[in-house]
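A.B. asks: In terms of my numbering, the sequence shown opens at residue 219 and continues consecutively. Heads up, the beta-carbon is just placed ideally off N, CA and C, and yes, glycines get one too.
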Amino acid sequence: MSLAPAPTPDDHVREHLRTDIRDGVLTLTINRPDAKNALTLAMRQHLEALCAGIDADDTVSAVVLRATGSVFCAGADIKEIAAYGPGLPATNPGAALRSVRKPVICAVGGACVTGGLELALSCDWIVASEQAFFADTHARLGVLPRWGLSALLPRTVGVRFAKEMSATGRRVNADEALRVGLVNAVVPHSDLDAYVLAQATAAAAVPCAALAATFALYDEGDGDTLTEALAREHTRAAAWSPSGGPFSPGRTAG
219 MSLAPAPTPD DHVREHLRTD IRDGVLTLTI NRPDAKNALT LAMRQHLEAL
269 CAGIDADDTV SAVVLRATGS VFCAGADIKE IAAYGPGLPA TNPGAALRSV
319 RKPVICAVGG ACVTGGLELA LSCDWIVASE QAFFADTHAR LGVLPRWGLS
369 ALLPRTVGVR FAKEMSATGR RVNADEALRV GLVNAVVPHS DLDAYVLAQA
419 TAAAAVPCAA LAATFALYDE GDGDTLTEAL AREHTRAAAW SPSGGPFSPG
469 RTAG
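(1) Given the structure, does N255 come close to the ligand NAD, in the sense that its CB is under 6 Å from one of the ligand's heavy atoms?
(2) Taking only three categories from DSSP, how would you classify R250?
(3) Measuring alpha carbon to alpha carbon, tell me which residue in G387, D411, G242 is nearest H356.
(4) Since G237 is in the alpha helix (DSSP H), which residue starts that stretch and which ends it?
(5) Going by Cα to Cα distance, which pick from P304, V404, L339 is closest to P311?
(6) Output the residue ranges of the alpha helix (DSSP H) runs that lie fully inside the region 317-353 and measure 4 residues or longer, sorted by chain position.
(7) How would you write the range of the beta strand (DSSP E) that L283 sits in, first residue to last?
(8) DSSP on T443, reduced to helix/strand/coil?
(9) Helix, strand or coil: which one does DSSP assign to L257?
(10) How is V243 classed by DSSP in three states: helix, strand or coil?
(11) Just curious, the beta strand (DSSP E) that I405 is in, first and last residue?
(12) Measuring alpha carbon to alpha carbon, tell me which of N255, R240, D241, G242 ends up nearest H234.
(13) For G333, count neighbouring C-beta atoms within 10 Å of its own C-beta (all shown protein chains included) and say buried if the count is 16 or more, exposed if not.
(14) Mind checking D228: buried by the 16 CB within 10 Å criterion, or exposed?
(15) Go through its chain and collect everything with a Cβ distance to R319's Cβ below 6 Å, but skip five positions before and after it.
(16) Let me make sure I understand the geometry here. Which of I239, T286, T443, L362 has the alpha-carbon closest to that of A329?
(17) To the nearest angstrom, how far is the alpha carbon of T237 from that of H230?
(18) Residue range of the alpha helix (DSSP H) that V414 falls in?
So, in C-alpha cells, the structure goes:
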C-alpha cells in the first residue's frame, strides 16, 4: 500500500507492527507482547505513515487494529522516552487513526490502558473480548493525555464516568465497558478476531465514499443542536450526486 513520507521501517519495526490485507480489510497488529505492546517511536511513526496512506489505497476498504498477547497496548514506551529525553520527536498515533476516513475497528482482548485506551478511542468503534479491561492512569503517572483521551473519553462515557476513571485508575471490565458505552460488543475471547473480521468485511462492502461522508456527519455533528445537525445533513445530501460535488460520487437514499 502507498505510504506518506516517513522513516523507512526496518524488519524489526515491521515485526512489531504487522500488516495484512485480505478481501479489502487491512489488519494492523501490535506485536510487542514482551513489552506490554508499548509503542516505540519507530512504531508510532510507522503507524502514522500507514494511516496516511490508507485512504488513497484502493485495496483497503476497512481497517482492524488488534494486538497479540494479554495486553492490547500500554501506550508509548516509557523506558524509551526516559532514555531519549526531551528531544524525542512528537508523534500522535491517535490523530493518525482518527484521520482515516475508512472504518477503523479496534479489537481489544486484554488490558487497554492509558495511551492504549487513547488508541482504542481513536477508532470508529471497539469490540472487546470477555478478558478485556480498560483503565486510565495518566494522572496517576503525573502526565497529561496527548493522543485525544481528554476529548474522546468524556464524549464516549460521559464526563462523570471519565472523571472517575482518571481519578481512580481502576479497571473497567468488559461488561461494565459495554454498559457505559465504551465498547460496542463483548464476545468470547476465542471469537474476538473472527467477530471483528466479519464486521470489517461487512463494512468493506459498503461504498467507501458514502460511508466516509456519513461518518463525517456523525463526527462533525457531535455537540451540535438537533437543528444544526439536520441542517448539515440536508446541505451535504443536496451536494451529493453521481456526477460529483464536494464529495466523491454516490447517491442519496431514504
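C.D. replies: Working from what's here:
(1) As presented, the structure is devoid of all ligands, the ligand NAD included, so that no description of it is given.
(2) coil
(3) G387
(4) Correcting the residue identity first, residue 237 is Thr in this sequence and not Gly. That residue, T237, is in no alpha helix (DSSP H); its beta strand (DSSP E) goes 235-240.
(5) L339
(6) 333-339
(7) 280-285
(8) coil
(9) strand
(10) strand
(11) Going by the sequence as given, residue 405 is Val instead of Ile. Looking at the DSSP string, the run of the beta strand (DSSP E) that includes V405 is 403-405.
(12) N255
(13) buried
(14) exposed
(15) D273, A430
(16) T286
(17) 13 Å
(18) 410-422
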